[in-house]
Amino acid sequence: MKKFFAQAYLWFLLAMLYAPILIIAIFSFTEAKVLGNWTGFSTKLYTSLFSGGVHHSLLSAIENTLIIAIVAAAFSTILGSIAAVGIHNLYGRKKAVINTLNNIPMLNPDIITGISLFLLFVSLGITQGYATVILAHITFCTPYVVLCVMPRLQQMNPNIYEAALDLGATPWQALRKVIIPEIKPGMISGFILAFTLSIDDFAVTIFTIGTEGLETLSTYIYADARKGGLTPELRPLSTIIFVTVLILLIVINVRSQRAAKRKEATR
Amino acid sequence: MKQLLRFFLKRSTWSIPYAIFLLLFVVLPLLLIFLYAFQDADGNFTLANFSKFISSPEAANTFVYSIGIAIVTTVLCILLGYPAAYILSNAELCRSKVMVVLFILPMWINILVRTLATVALFDFLRLPLGEGALIFGMVYNFLPFMIYPIYNVMQKMDHSYIEAAQDLGASPMTVFRKVVVPLSMPGVMSGVMMVFMPTISTFAISELLTMNNIKLFGTTIQENINNGMWNYGAALSLIMLVIIFATDLFSDSDEDRASNEGII
């Protein structure tokens, strides 16, 4: 009985959490301009989303979002991994200071990060555009990469690096053959995290994107929604994003469960 | 030359590029908020930005209203999220790990898409947009951020405490009140931070959910910055930073108390 109520409560909450997304997904299969009108089953919105034409600006917004996310995630992963190795080898007050600074972008609300960077770019007289958005994204993504890489370094046996040096490896070789293989899983999860954070971001982007007409998916949706009439093509787009994320998460979950089982089997 | 080479090869040196990056893009921008907040448009020192905030009823009202909305959202998230986290972490009540993923999944979806989905839901059900929609949208957006930290703490909770309490004759209700709740307090506190902070600082969401009828503090800041009132906008941002800092301190001290109670 208790279990029944508990399950019922969970399903009630899930229904509340998923109802909005489901409605968007259902109405992505009809042509009606206004959401809520069902004018028969059709996949026209899906084909017109990819055929470009009228909604060329939407496609270029998607393209910008992906380019910014890939570049920002790549730079954050490199910067964050190098920084993690450095921080791991620091001691005492220096380490504490840099760790505190590293936490600031994660604790600050997005709007504060956005405004502070906006003020930086204006007072330096930098024109805002692609470069400033990417810089801003690197700023709030790198701390997460550092946090992903750090545990791998802490688990690593510190003597391996020294051993490689003693056996005649140059520091560069030791880095490539010893440290990087050890921290690689952390770097990969850091990259994925940075990528998703960048794609998702709206508050920091809008303050650093400038007025040159550059649009990412978030700013496009925002401008579109403010005009009142929501582009119908956003329905199939949201549905595709949702299904992609769903599949990705299920794959990650199944993989980690399988890995856990394998570990148990070898034990 | 050799010394220089050795300096670059020392691994602790590798933290220097990031340290410089942090100074340039984190510390300096925050200092600029302070600087702008205490300056007028010509760069002279002034407190006018703050007195403008206190004397203008609109900005001050928006500020108080936003804190109210943030508190209501946070309380609703605790009331809805705590039982969910408890059920999810209890192996007797919920065995499947898929459930947990389903609850966390919405966090990965763009906040604007989620908000528009809420607007769509209200349109679909023919419900009016307004304060109700705003609170529903906020809870809907941030509930996963409350459930996840509480679930995490409950998952790691040492179950021998619960068993000990049961062995010593505590009723299920007493066990819940005296053992489970105090031990899960750190999770609740980080959940409060993760919900209260974004709700007080959001903009855009409130405009979309109320058809521009209700303005929150974040929107006020954004409008001022967009309209070129950088100094006033910076002063408002500083006020928001102080509030967030205060919440942080409050939840920190509470966390200590909670963990002490947990040990006793």
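Chains as they are written, first to last, in my numbering: chain A, 14 to 280; chain B, 2 to 265. For every residue, glycine included, the Cβ atom is placed at its ideal position computed from N, Cα and C.
Legend entry - Any C-beta of chain B under 7 Å from that of A/K240: As a first step, residue 240 of chain A must be located in the first sequence, where it is residue number 227. Judged by the 7 Å Cβ criterion, A/K240 is not in contact with chain B.
Inset, instruction - Report buried or exposed for B/E59, applying the criterion of at least 16 other Cβ atoms within 10 angstroms of its Cβ. - result: Indexing the second sequence from 1 puts residue 59 of chain B at position 58. So B/E59 counts as exposed.
Legend entry - Reduced DSSP category for B/A259 - H, G, I as helix; E, B as strand; rest coil: Here the question's residue 259 of chain B lines up with position 258 in the second sequence. Note on B/A259: pLDDT 40, under 50, position unreliable in the model; the coordinate value appears next. B/A259: helix per DSSP, three-state reduction.
Inset, instruction - For A/S94, decide whether its Cβ has a neighbour in chain B, counting only Cβ atoms nearer than 7 Å. - result: Residue mapping note: residue 94 of chain A aligns to position 81 of the first sequence, counting from 1. By this cut-off, A/S94 is not an interface position.
Inset, instruction - Indicate the three-state DSSP secondary structure (helix, strand or coil) for A/T43 in the structure shown. - result: Residue 43 of chain A sits at position 30 when you count from the first residue of the first sequence. Note: A/T43 maps to strand in three-state DSSP.
Legend entry - Nearest residue (CA-CA) to B/V101, options B/I245, B/A85, B/F137, B/I34: If you number the second sequence from 1, residue 101 of chain B lands on position 100. Nearest C-alpha to B/V101: B/A85.
Inset, instruction - List the residues of chain A that B/M198 touches, going by C-beta distances under 7 Å, in chain order. - result: Taking the first residue of the second sequence as 1, we reach residue 198 of chain B at position 197. In chain order: P122.
Inset, instruction - Determine the direct distance from the alpha carbon of B/G131 to that of B/T211, and round the result to whole angstroms. - result: Indexing the second sequence from 1 puts residue 211 of chain B at position 210. Indexing the second sequence from 1 puts residue 131 of chain B at position 130. Roughly 4 Å separates the two Cα atoms.
Inset, instruction - Examine chain A for any beta-carbon lying closer than 7 Å to the beta-carbon of B/D180, and answer yes or no. - result: Along the second sequence, one-based indexing puts residue 180 of chain B at 179. One point to set straight first is that residue 180 of chain B is Val, not Asp, in the sequence displayed. Not an interface residue.
Legend entry - Own chain partners of B/I105 with C-beta closer than 7 Å, once the 5 adjacent residues on each side are dropped: Start at 1 with the first residue of the second sequence, and residue 105 of chain B comes out as number 104. Here the set comprises P145, Y149.
Inset, instruction - Determine whether the Cβ of A/V256 lies closer than 7 Å to any Cβ atom of chain B. - result: Here residue 256 of chain A refers to the residue found at position 243 of the first sequence. False, the Cβ-Cβ gap to chain B never drops below 7 Å.
Inset, instruction - Name, going along the chain, the residues of the region 14-26 of chain A whose beta-carbon falls closer than 8 Å to a beta-carbon of chain B. - result: K15, K16, A19, Q20, Y22, L23, L26
Legend entry - Extent of the continuous alpha helix (DSSP H) to which A/W185 belongs: As a working mapping, residue 185 of chain A is identified with position 172 in the first sequence. Where A/W185 is concerned, the enclosing alpha helix (DSSP H) stretches over 184-187.
Inset, instruction - With DSSP collapsed to three states, give me the class of B/F204. - result: Mapped onto the second sequence, residue 204 of chain B falls at position 203. Coil at B/F204, not helix or strand.
Inset, instruction - Let me know if A/R248 comes out buried or exposed under the rule of 16 or more other beta-carbons within 10 Å of its beta-carbon. - result: On the first sequence, position 235 is the one that residue 248 of chain A refers to. Looking at its Cβ environment, which holds 16 or more other Cβ atoms inside 10 Å, A/R248 is buried.
Legend entry - Min CB distance A/A100 to chain B below 7 Å: As a first step, residue 100 of chain A is located in the first sequence; it is residue number 87 there, counting from the start. It is Ile, not Ala, that sits at residue 100 of chain A in the sequence shown. Closer than 7 Å: yes.
Legend entry - Cβ of A/L160 within 7 Å of any chain B Cβ: By one-based count along the first sequence, residue 160 of chain A stands at place 147. Chain B contact via Cβ: absent.
Inset, instruction - Taking B/E132 as part of the alpha helix (DSSP H), name the residues at either end of that continuous run. - result: Against the second sequence, residue 132 of chain B aligns to sequence position 131. Start and end: 132-157.
Inset, instruction - Could you check the C-alpha separation between B/A49 and A/S129 for me, to the nearest Å? - result: Mapped onto the second sequence, residue 49 of chain B falls at position 48. Mapped onto the first sequence, residue 129 of chain A falls at position 116. Roughly 20 Å separates the two Cα atoms.
Legend entry - Members of the region 30-48 of chain A near chain B, C-beta cut-off 7 Å: L30, A32, P33, I34, I36, I37, L48
Legend entry - Proximity of A/I36 and B/A121 at Cβ, strictly below 7 Å: Taking the first sequence and counting its residues from 1, the one referred to as residue 36 of chain A is at position 23. Taking the second sequence and counting its residues from 1, the one referred to as residue 121 of chain B is at position 120. A contact, by the Cβ cut-off of 7 Å.
Inset, instruction - Establish whether the CB of A/S64 and some CB of chain B are separated by less than 7 Å. - result: Within the first sequence, the letter at position 51 stands for residue 64 of chain A. Judged by the 7 Å Cβ criterion, A/S64 is not in contact with chain B.
Legend entry - Nonlocal neighbours in the same chain, by C-beta distance under 7 Å from A/F131, ignoring five residues either side: Position 118 of the first sequence, counting from 1, holds the residue named residue 131 of chain A. Counting only Cβ-Cβ distances below 7 Å, and skipping sequence neighbours, we find F220, T221.
Legend entry - Neighbourhood of A/T43 by C-beta, 7 Å cutoff - its chain only, sequence neighbours within 5 removed: Position 30 of the first sequence holds residue 43 of chain A. Taken in chain order, the residues that qualify are W51, T52, G53, F54, S55.
Legend entry - N- and C-terminal bounds of the alpha helix (DSSP H) containing B/N62: Against the second sequence, residue 62 of chain B aligns to sequence position 61. Run containing B/N62: 58-90, per the alpha helix (DSSP H) assignment.
Legend entry - Collapsed DSSP secondary structure at A/F63 in the structure displayed: As a working mapping, residue 63 of chain A is identified with position 50 in the first sequence. It is helical.
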